[in-house]
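Student: Converting from the sequence shown to the working numbering requires adding 13 to each position, the first position being numbered 1. Idealized CB from N, CA, C, for every residue including glycine. All values reported here derive from a predicted model rather than from experimental measurement.
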Amino acid sequence: MKVTSLLIWSLVSFMLFSCIKKEDNDTSDDARDLFSLSADLIIDITDRIKTAGDSIQVDSLSQLFEKRITEINFAFPPETDMKLTEQENDSIFKLIESLRSVKKDKLISLSVQIPDSSLFIVNEENL
């Protein structure tokens, strides 16, 4: 009787630990997938902003990024982002900073430069 009871408890314990380990692997896999999809999206949008022809395209790409990153995050269980490694978080941070920098530089390069007012001759007829 004791041997059977011990065997049953051992089997139950083994099954519980197996389930717990599998759950950790699932969340780990989810975190890797979240990182991969997020990084790929950030890189894609950054590259597309670099080649944008005008500020409207930059704005459209920014809106597209916000929409897709939200969709990606909601496709995973809550707090999956908390399972990312420190390196993955650092990588995402650096990619986001690169995206912000590229967007800012692109918008500056596309903006209309207002010339110095001293270069204009004011003509009363144009007033």
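Take Leu97 and list the residues in its own chain whose beta-carbon comes closer than 8 Å to its own, dropping the five residues that flank it on each side.
Tutor: In the sequence shown, counting from the first residue as 1, residue 97 sits at position 84. Result list for Leu97: Ala44, Leu47, Phe48 and Ile105, in chain order.
Student: Quick check on Ser68: does DSSP put it in helix, strand or coil?
Tutor: Position 55 of the sequence shown, counted from the first residue, corresponds to residue 68. Here Ser68 sits in helix by DSSP.
Student: Where do the ends of the alpha helix (DSSP H) carrying Glu99 lie?
Tutor: The residue given as residue 99 occupies position 86 in the sequence shown. Here the alpha helix (DSSP H) through Glu99 covers Glu99 to Leu123.
Student: Since Val115 contacts Ile56 with CB under 8 Å, what's their CB separation in whole angstroms?
Tutor: Counting from 1 along the sequence shown, the entry for residue 115 is found at position 102. Counting from 1 along the sequence shown, the entry for residue 56 is found at position 43. Their Cβ separation, rounded to whole angstroms, is 11 Å, which puts Val115 and Ile56 out of contact at 8 Å.
Student: Among residues of its own chain, excluding the 5 on either side of Leu77, which ones have a beta-carbon nearer than 8 Å to its beta-carbon?
Tutor: As a first step, residue 77 must be located in the sequence shown, where it is residue number 64. Hits under 8 Å: Ile58.
Student: Can you tell which of Leu54, Ala52 and Asp72 has the C-alpha that lies nearest to the C-alpha of Leu123?
Tutor: Locating residue 123 in the sequence shown gives position 110, counting from the first residue. Comparing Cα positions, the closest option is Asp72.
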